[in-house]
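Visitor:
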């Protein structure tokens, strides 16, 4: 009997901790130098938003690094839209998955992901070579035009010195102010649309110097401006700016300037201290725009935020009704023992929810369903035990012996049934790994989690509660076995 | 001795199962002829777009079809849904005039389609619970899901792998659970037959619902079936476990009396457990989110079938086998039975 006091203490501790974590206000837990952020992570189907699966079209030549670069670029663009908590992840060999929670203007977000981005050749004649680090945020005339085009009616353009670039450091999301040219934006000479091709090649006597060779598109937009600028800017720098950030600013060689002046320029070479990778990525960016590899959308889901809210409300309602019905059933059918089961069920729910918040488990509609179904089956363990217990009581065993016999005999059944379902959950989890079936994953996770916790609550917690119950009101139970549903 | 001789009415139980399974199989055959799959498959497997859209206007189905035709879609499916009530969604606007579920193959021209549908000459603006300023593109109450054929094929492939993995694991589990029982093959076979019963019932019901209401099997449908399989086998094993335990205990009793006793001893557990699962599922079905309702519906049917098949198929089959009533198996018992009949 004394052993159960210890268990009771442990259970109360777990219960208190779980309830505390589950409380809506608890956002982090710091205990004995162990800290944990706890928050409810809602799936896209609950908070609304979009999920996009992109793929490199089959047959495209690319390597792993260029795809990683593409992922970074997409991420930068998405963050640039001010979408909070967007997730951009590479998936497998040739996939990129983008999750945009709660996006109000999905159309803009989609355009941003799909578009090839904005590559500009910018007048940098006022800048001394080496004085601006690569990656700096640069404001250009085309970006200002773009911003003006996005204004809603009645809005006015913000001052130039308030233009910023989204931070590249995800841990420190401070906007970086854009560099200006004496208080004015830098002049855009041409965009990436003016190029017809680009490739990384080696140059030099021993062939180890990587450069990027590009060809211009004769009929391209503003190509003439570009040629004029090159012709007039020998030995001066020209910047290549991608989505508002400086990629590089090579110096225009005198040879190129004179061929541009003579009207024979059909391309050029960008040299710098490039590694093979740098050169390939830059070439791909020049060719495809911001993304060093082309990406096509092969699947996407969008859920209107209002519908997500509706699903949350309905699920909570269904969950509460379901739990109350189960508790009512257990109390009516098993009487006093039902109290132990009801307490165990509440403990089960609290531990589950606390784990959802701490792991965290993304709560989608199927995930909530998995949890609710695990509630329905959580009492299965109790039922197996109580039925055995009743049999033992009818056979004339004492209360304590009946409880113990009930637990020890039912244990194998509970273990087996939970194990087989957990195995199925594992298979379902792997099935849910493909994009189109990802709804399955949430269901598998919460159902499996519920079954594992159930091993603790249905067996250890219920047994402890029952023994405590016997300790407190044992006399009345002994004289009146009807209180146990016998 | 017992209130109810459970194992006696086995033929009635088989008949009841057949009355659900046979129409299901017929539906599956019709479905194979019509759609070349036994259940209608959703975009998860085939690729395409599923869109649910609320309109400010209360239009009729023909208007929706006309718009889709004019846009140039073919092979689309249109279904009317209940409009979202304005008391359920926080909104200062009146409830939506009508809500539609559209399914079609196109996945690339969605943005164009959405603008086209919203033209005044077509269906008019989408309904949104938000103001024009907060939701300029009227998408707060819109859901779309698009899957390319490539992704559909991948889902299909992993669905097949998952199904095989479950089948193999369940078989191992059954073999393991009955490793020490005499006639283990009987118990194992009966458990597997009960499992197939549940698969046939869920597939059959899905097929019927597909023909009648246009229900389509998605990834969650497969999840429901596989979950049901797990629970069904478990249920059967609990009963068989008890039979195994009772055989040495009541040596000398007739096999069907032992079976009857075992069933009555476990039936409380089976029913109480199922009842609780059913309570929760009914709560989700009646009050939960509508996108999950088909999943829960199938799960519920499967679970009920699982309980039924454990008690009313697997167990009576075991008795029939023992008594030599089944063709091809247990010839010895059948011979003895014939001899007894001839004696009588």
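Residue numbers (this note's numbering), protein chains in the order written: chain R, -14 to 471; chain E, 3 to 346.
Ideal placement from N, C-alpha and C gives every residue a C-beta, glycine not left out.
Because the structure is a prediction, the values reported are computed rather than measured.
#1: Figure out for me which residue from E/28, E/157, E/238 and E/267 has the closest Cα to the Cα of residue 402 of chain E.
#2: If we call anything under 8 angstroms between Cβ atoms a contact, is residue 232 of chain E one with residue 25 of chain E?
#3: Taking the CB atoms as reference points, tell me whether residue 32 of chain R and residue 290 of chain R lie closer together than 8 angstroms.
#4: Strictly below 7 angstroms CB to CB, what residues from chain R border residue 278 of chain E?
#5: Could you spell out the range, first to last residue, of the beta strand (DSSP E) harbouring residue 287 of chain R?
#6: When DSSP labels each residue in this structure, what does residue 380 of chain R get in the three-state scheme?
#7: Run through chain R and tell me which residues come within less than 7 angstroms of residue 147 of chain E, C-beta to C-beta.
#8: Looking at chain R, is there any beta carbon in it that lies within less than 8 angstroms of the beta carbon of residue 281 of chain E?
#9: Tell me the DSSP secondary structure of residue -1 of chain R in three-state form.
#10: How is residue 109 of chain R classed by DSSP in three states: helix, strand or coil?
#11: Does residue 240 of chain E have its Cβ less than 8 angstroms from a Cβ in chain R?
#12: Under a three-way DSSP split, which group does residue 369 of chain R fall into?
#13: If you draw a straight line from the alpha carbon of residue 54 of chain E to that of residue 145 of chain E, how long is it in whole angstroms?
#14: Residue 183 of chain E touches chain R at which residues, Cβ-Cβ below 7 angstroms?
#15: Going by beta carbon distance, what residues of the same chain come within less than 6 angstroms of residue 42 of chain E, once the five residues before and after it are set aside?
#16: Rounded to whole angstroms, what is the Cα-Cα separation between residue 227 of chain R and residue 105 of chain R?
#17: Under the DSSP definition of a beta bridge, which residues are partnered with residue 35 of chain R?
#18: Going by beta carbon distance, what residues of the same chain come within less than 7 angstroms of residue 208 of chain R, once the five residues before and after it are set aside?
#19: Within a Cβ cutoff of 8 angstroms, which residues of the same chain sit near residue 455 of chain R, ignoring the five residues on either side of it in sequence?
#20: Taking a contact to mean a Cβ-Cβ separation below 8 angstroms, would you say residue 101 of chain E touches residue 85 of chain E in this structure?
#21: Do you know offhand how far residue 329 of chain E's Cα is from residue 264 of chain E's?
#22: First and last residue of the beta strand (DSSP E) that includes residue 182 of chain R?
#23: Give a yes or no on whether 8 angstroms exceeds the smallest Cβ distance from residue 333 of chain R to chain E.
#24: Helix, strand or coil, according to DSSP, for residue 95 of chain E in the structure here?
#25: Cβ of residue 383 of chain R less than 8 angstroms from any chain E Cβ?
#26: Would you say residue 79 of chain R faces chain E, with C-beta separation under 8 angstroms as the test?
#27: List the residues of chain R that residue 150 of chain E touches, going by C-beta distances under 7 angstroms, in chain order.
#28: Any chance the CB of residue 84 of chain E is under 7 angstroms from a heavy atom of the ligand MG?
#29: Looking at residue 0 of chain R: is its Cβ nearer than 8 angstroms to the Cβ of residue 436 of chain R?
#30: Could you round the C-beta distance between residue 171 of chain E and residue 408 of chain R to whole angstroms and report it? I think they count as a contact, below 8 angstroms.
#31: When DSSP builds the beta bridges, which residues end up paired with residue 171 of chain R?
#32: Exposed or buried, what is residue 162 of chain R when buried is set at 16 or more other beta-carbons lying within 10 Å of its beta-carbon?
#33: Please state whether DSSP places residue 104 of chain R in a helix, a strand or coil.
#34: Quick one: what's got a C-beta closer than 8 angstroms to residue 303 of chain R's C-beta in the same chain, skipping five residues either side?
#35: Hey, could you find the ends of the beta strand (DSSP E) residue 82 of chain E is sitting in?
#36: By the DSSP assignment, the alpha helix (DSSP H) with residue 68 of chain E in it spans what residues?
Guide: In terms of the structure at hand:
#1: A query on residue 402 of chain E cannot be resolved here, the shown segment of chain E reaching from 3 to 346 and no further.
#2: no
#3: yes
#4: Ordered by position in chain R, the residues that pass the 7 angstroms Cβ test against residue 278 of chain E are 311, 314, 361 and 364.
#5: 281 to 288
#6: Taken through DSSP and simplified to helix, strand or coil, residue 380 of chain R comes out as coil.
#7: Within chain R, the residues near residue 147 of chain E are 286.
#8: Cβ-Cβ to chain R under 8 angstroms: yes for residue 281 of chain E.
#9: helix
#10: coil
#11: yes
#12: helix
#13: 5 angstroms
#14: Going along chain R, no residue has its Cβ under 7 angstroms from residue 183 of chain E, so there is no contact; the nearest lies around 15 angstroms.
#15: 212 and 218
#16: 6 angstroms
#17: The partner list for residue 35 of chain R (beta bridge, DSSP) reads R/85 and R/287.
#18: Once the five neighbours on either side are set aside, the close Cβ partners of residue 208 of chain R are 175, 179, 201 and 202.
#19: 384, 385, 388 and 462
#20: yes
#21: 25 angstroms
#22: For residue 182 of chain R, the enclosing beta strand (DSSP E) begins and ends at 180 to 188.
#23: With 8 angstroms as the cut-off, residue 333 of chain R does not count as an interface residue toward chain E.
#24: coil
#25: no
#26: Not an interface residue.
#27: 283 and 284
#28: Here there are no bound small molecules, and the ligand MG is not part of this structure.
#29: no
#30: Indeed they touch by this definition, with Cβ atoms about 6 angstroms apart.
#31: R/125
#32: exposed
#33: strand
#34: 357
#35: If you look at residue 82 of chain E, you'll find it in the beta strand (DSSP E) that goes 79 to 83.
#36: 63 to 73
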